[in-house]
Structure formats: C-alpha cells, structure tokens
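Visitor:
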Amino acid sequence: MSDLFVPVVSITATKRRRFLWAAWWTGPPTRVPFRKPDASSGGARTREEALSEASALAGARLVEIEGTWARAYARTLRGEAPFPATSRTEAVVTKPDEPTTPRSVWDILGITPAATADEIKRAYRTKALETHPDRGGSDAAFREVRRAYESALERRGKADKKPKRRHGS
10 MSDLFVPVVS ITATKRRRFL WAAWWTGPPT RVPFRKPDAS SGGARTREEA LSEASALAGA
70 RLVEIEGTWA RAYARTLRGE APFPATSRTE AVVTKPDEPT TPRSVWDILG ITPAATADEI
130 KRAYRTKALE THPDRGGSDA AFREVRRAYE SALERRGKAD KKPKRRHGS
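Structure representation (structure tokens):
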C-alpha cells in the first residue's frame, strides 16, 4: 500500500507583521517526531508573497495547511519544543486531585504563625515562583498563594499592633 502525499506549505504571521512559511514537498510534516520542513523563510510582506516564494522554491504547486506547523517550526528555531508540552485540556486531565480540606495560610506558604513579615515575604516569593502560570504553575495555585500571603501579612500586622500584656507588677 502506498501513501499519497501532496506538497504542502504552512504560513503564519510573525510578531513583526511579516509572514513565515515552511514547506514540505518530500514528505508530510509529522508531529512526533517533528519533521522539519524542506525549506522555510520569513519576511514576506503578504500571505500571497509567502506562498509564491515557497512554490517557486519547491518547483511545484503547494497546498496551504494550517499555520500550526509554521509556528511549531518557529518554536524549534528558538530552541523550544515544536508543540507545547500540554494543552489546557491535558493539564486538567493529568492534574492530581486537589486536597478537599482547607489549608491554613501558614501551610500554604510553608511557614509558622510566628513568622516575621520578612519571613512571610521570603516564603511568598519562593511559592510564587513555584506556582506562577508563566513558570508552569496553575492560575488557581498562584491565586491561593497570593491570598495566603495577603492574609498572613494582614494577620502579622494585627498581631504587631496588639498591646502586650504585662504580667505581675
């Protein structure tokens, strides 16, 4: 049985409002392992210009496919994985069950109730780096850490303002 293949090109817009194209004419693009294009170029001013450049280089008419493939190739040029490791739906499916019992602000930050304001801030910075969505964490976990931090500082402020009782005078 033989596989049929039509030469293809994927075109995507760049940050500089130009067009990057990636063309495959010796075989189809594959996701795993990612198959790099036979040729690519960036800088075309229009989608049509990108398509004509790619077709001229391939020496054949190319069928345009979704821009996902050109974006994946652009990621490999930046040294990243061609496709994001997990999509939002995969993240939901593979995420372990959240604990159902509420945790104290001190447990969330990993400190004791006697912690100073500086210790609270230090713990928050550490937990924020671990849970921030830009660093692979989840929005919900980051918000929980943020609320715990604000609550811990508020509690620390109230505790510092309480007058201390004198014993035995």
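Start counting the sequence shown at 10; every next residue gets the next number (my numbering).
For each residue, glycine too, the CB sits at the ideal point set by N, CA and C.
For Leu86 versus Val18, is the C-beta spacing smaller than 9 angstroms?
Guide: Here residue 86 corresponds to residue number 77 of the sequence shown, with the count starting at 1. Here residue 18 corresponds to residue number 9 of the sequence shown, with the count starting at 1. Going by C-beta atoms, Leu86 is not nearer than 9 angstroms to Val18.
Visitor: Would you check if the distance between the CB atom of Gly76 and the CB atom of Ala22 is smaller than 9 angstroms?
Guide: As a position in the sequence shown, residue 76 is number 67, starting the count at 1. As a position in the sequence shown, residue 22 is number 13, starting the count at 1. Yes, these two residues count as a Cβ contact at 9 angstroms.
Visitor: Ordered along the chain, which non-local residues of its own chain (more than five positions away) have a Cβ less than 7 angstroms from that of Ala69?
Guide: By 1-based counting over the sequence shown, the position of residue 69 is 60. Result list for Ala69: Pro16, Trp34, in chain order.
Visitor: Starting from the Cα of Lys124, find the closest Cα among Asp143, Tyr158, Arg84, Ala53 and give me that residue.
Guide: One-based indexing of the sequence shown puts residue 124 at position 115. Checking the sequence shown, residue 124 turns out to be Ala, not Lys. Here the closest residue by C-alpha is Tyr158.
Visitor: So, under 8 angstroms CB-CB, Ala48 and Leu66 are touching, yes? Tell me the CB distance rounded to an integer number of Å.
Guide: Looking up residue 48 in the sequence shown gives position 39. Looking up residue 66 in the sequence shown gives position 57. Contact flag correct, Cβ pair sits at about 5 angstroms.
Visitor: Which of the three DSSP states is assigned to Val41 in this structure?
Guide: For this step, residue 41 is matched to residue 32 along the sequence shown. The answer is coil: DSSP assigns Val41 none of H, G, I, E or B.
Visitor: To the nearest angstrom, how far is the alpha carbon of Glu62 from that of Ser147?
Guide: The residue labelled residue 62 in the question sits at position 53 within the sequence shown. The residue labelled residue 147 in the question sits at position 138 within the sequence shown. Computed Cα separation, rounded: 42 angstroms.
Visitor: With the cut-off set at 9 angstroms, would you say Phe43 and Ala83 are in Cβ contact?
Guide: For the purposes of this step, residue 43 is identified with residue 34 of the sequence shown, where counting begins at 1. For the purposes of this step, residue 83 is identified with residue 74 of the sequence shown, where counting begins at 1. Not closer than 9 angstroms, so no.
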